[in-house]
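Residue numbers (my numbering): 212 to 502. Ideal Cβ positions, reconstructed from N, Cα and C, are used throughout, including at glycine. Please read these numbers as outputs of a predicted model, since none were measured by experiment. Before any comments, here is the structure.
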Ligand SMILES: NC(=O)c1ccc[n+]([C@@H]2O[C@H](COP(=O)([O-])OP(=O)(O)OC[C@H]3O[C@@H](n4cnc5c(N)ncnc54)[C@H](OP(=O)(O)O)[C@@H]3O)[C@@H](O)[C@H]2O)c1
């Protein structure tokens, strides 16, 4: 074996990869898109707001290989139109990142009345009854797990075509789901039960797909972030959360998410399949969890 096999510029290279990232215009998706495009991949970012995608592509481009694609991941017609665009432009993709997500804050803090040590059962019942609806739950599951499933199915032929071209430097095609550490938490401080459950479901989807797609050598992995600044987390972001509830006492940064994405997308991560990667500065370790 020569040392060329582990030369970092070739081991972590994403040169020539064709990548689709849903929700790539903001937050974590934008971090992944920037890391991959700035290191040589051609990246398509998908979202409903075209102006957001356009400004991200303009601001984050290094090689002018980041392209906006307007679309709604909950619509089959929209997914098929995105696939058709990619089919016409390249005829294959190497990596799909199912990152789009939403959350409703459906679990308000417990009401502990003066003189009592626990929340009255009626207060608990009314808090849970009134803070979410079957519709808000259905929407959360629709974007966070149904959409990643159908988006993956829509891209299967192009992922397979990526493999038939010989992969990218021997790296087989891959689907990455951006889930959350929330999907592992069992503590009662969780801010949204529907969000946590949807993330547990998409984590399982990521594991399941590795087997469902094994005969076609399409890999499936999961990224489970802790706290990163984004549109979604603007409401819960606080100094208290960062200093008390993250052992490293800082939010995740673009280098943290970008480094993990580069590892998984490149030859360095080519043997990784069916696994979950937590990036949370140690946050999950502070809670009772199923991890
Ligand atoms: N930030 C964190 O601390 C954190 C922690 C754990 C997990 N996550 C996960 O990371 C992922 C990215 O979230 P984020 O924190 O970066 O929040 P964000 O900035 O709000 O990103 C969510 C993205 O999803 C897109 N999106 C939502 N609904 C969509 C739809 N129907 N079709 C297409 N795109 C849609 C949004 O774009 P449009 O609105 O323009 O469509 C947006 O770009 C999510 O899955 C989230 O659950 C985040």
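What do you get for residue i, buried or exposed, if any count of 16 or more other CB atoms within 10 angstroms of its CB means buried?
i: residue 436; result: buried
i: residue 253; result: buried
i: residue 373; result: buried
i: residue 482; result: exposed
i: residue 310; result: buried
i: residue 328; result: exposed
i: residue 461; result: exposed
i: residue 458; result: exposed
i: residue 260; result: exposed
i: residue 214; result: exposed
i: residue 501; result: exposed
i: residue 409; result: buried
i: residue 471; result: buried
i: residue 324; result: exposed
i: residue 396; result: buried
i: residue 422; result: exposed
i: residue 394; result: buried
i: residue 227; result: exposed
i: residue 239; result: buried
i: residue 277; result: buried
i: residue 335; result: exposed
i: residue 377; result: exposed
i: residue 430; result: buried
i: residue 331; result: exposed
i: residue 454; result: exposed
i: residue 467; result: buried
i: residue 445; result: exposed
i: residue 217; result: exposed
If we cut at 8 angstroms on Cβ distances, does residue i have a partner in chain B?
i: residue 340; result: Of the chains in the structure shown, none is chain B; there is only one protein chain.
So, with DSSP's three-state summary, where would you put residue i?
i: residue 345; result: helix
i: residue 336; result: helix
i: residue 228; result: coil
i: residue 443; result: coil
i: residue 579; result: With the chain covering 212 to 502 only, the question about residue 579 has no answer from this structure.
i: residue 354; result: helix
i: residue 214; result: helix
i: residue 448; result: coil
i: residue 500; result: strand
i: residue 233; result: strand
- prompt: So does the region 399-418 actually touch the region 355-368, counting three or more Cβ pairs closer than 8 angstroms?
  reply: yes
field: Completely contained alpha helix (DSSP H) runs for the region 356-386, where each covers 4 or more residues
entry: Counting whole runs of 4 or more residues, the region 356-386 contains the alpha helix (DSSP H) stretches 358-375.
field: Sequence ranges, alpha helix (DSSP H) only - wholly within the region 378-432, length at least 4
entry: If we require 4 residues or more, the alpha helix (DSSP H) runs fully inside the region 378-432 come out as 404-423.
- request: Jot down the residue ranges of each uninterrupted alpha helix (DSSP H) in the region 456-482, minimum 4 residues, whole runs only, in chain order.
  value: 465-476
field: At least 3 beta-carbon pairs within less than 8 angstroms: the region 261-271 vs the region 282-289
entry: No, because fewer than three Cβ pairs between the region 261-271 and the region 282-289 fall closer than 8 angstroms, the two stretches do not touch.
Complete alpha helix (DSSP H) runs within the region 239-293 (minimum length 4 residues, chain order): DSSP runs (the alpha helix (DSSP H)) wholly in the region 239-293: 261-271.
message: If contact is defined by three or more beta carbon pairs under 8 angstroms, each pair taking one atom from either stretch, is the region 243-251 in contact with the region 212-221?
response: no
Cβ contact check for the region 298-313 and the region 377-395: 3 or more pairs under 8 angstroms: yes
query: Do three or more CB pairs link the region 360-367 to the region 332-347 at distances below 8 angstroms?
result: no
- prompt: If you pair each beta-carbon of the region 483-493 with each one of the region 437-450, do three or more pairs fall below 8 angstroms?
  reply: yes
task: Say whether the region 309-324 touches the region 222-239, bearing in mind that this needs 3 or more beta-carbon pairs closer than 8 angstroms, one atom from each stretch.
output: yes
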